[in-house]
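Using the working numbering, read the sequence shown as starting at 1282 and increasing by one per residue. Cβ coordinates follow ideal geometry from the N, Cα and C atoms, glycine included. None of these values were measured; they are calculated from a predicted model. This report refers to the structure that appears directly beneath it.
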Amino acid sequence: EKTVGALVEVYKSATEERTAFGVVMEPETVDAHGEVVSAEEIRTASYGYMEFYQQKGFQHGRNPKYPALPDGLRLLESWIVDPEFFPQGFMVGSRHIKPGSWLMRMRVDHDGLWSDIKNGLVTGFSIGGFARTVSEEKAA
């Protein structure tokens, strides 16, 4: 097992509402760790997060600037771009959002973190977890 994570761009931040919106995971796209995840695996991960976990923090608590933010972040939306309703995906600004992507919107009540988001120092969501990787040769 190895710890995995993906960092993706925050596409929009609503200044007055102090919300950040972006893709958490995108199917069939190479992530920061060279991994590719299917839309089915993304749906399973997102449902598991919503049903059992919902922990929020900054860089999984490993950054001394924001070691824990349990009261500084609130989950507002979490949803999958359902291919049945959005077979071609859709656009957010100039960015195409693929069917099967997991999107999230968070309210950021922590002043320091909100400042970093507005100033472009924090640019995305990151998932953390454990996975067993199997080489394609062994899977076949």
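If you draw a 10 Å sphere on the C-beta of V1317, you find fewer than 16 other C-beta atoms in it, and that means exposed. For E1322, the enclosing alpha helix (DSSP H) begins and ends at 1320-1329.
Partner residues in the beta bridge of S1359, as assigned by DSSP, are M1385. Of the candidates T1310, D1397, V1304, the residue whose Cα lies closest to the Cα of L1384 is V1304.
Annotated three-state conformation of S1396 is helix, per DSSP. Put simply, of D1392, M1306, M1331 the residue whose alpha carbon is nearest the alpha carbon of E1298 is D1392.
Put simply, the backbone Cα of G1405 is about 22 angstroms away from that of E1321.
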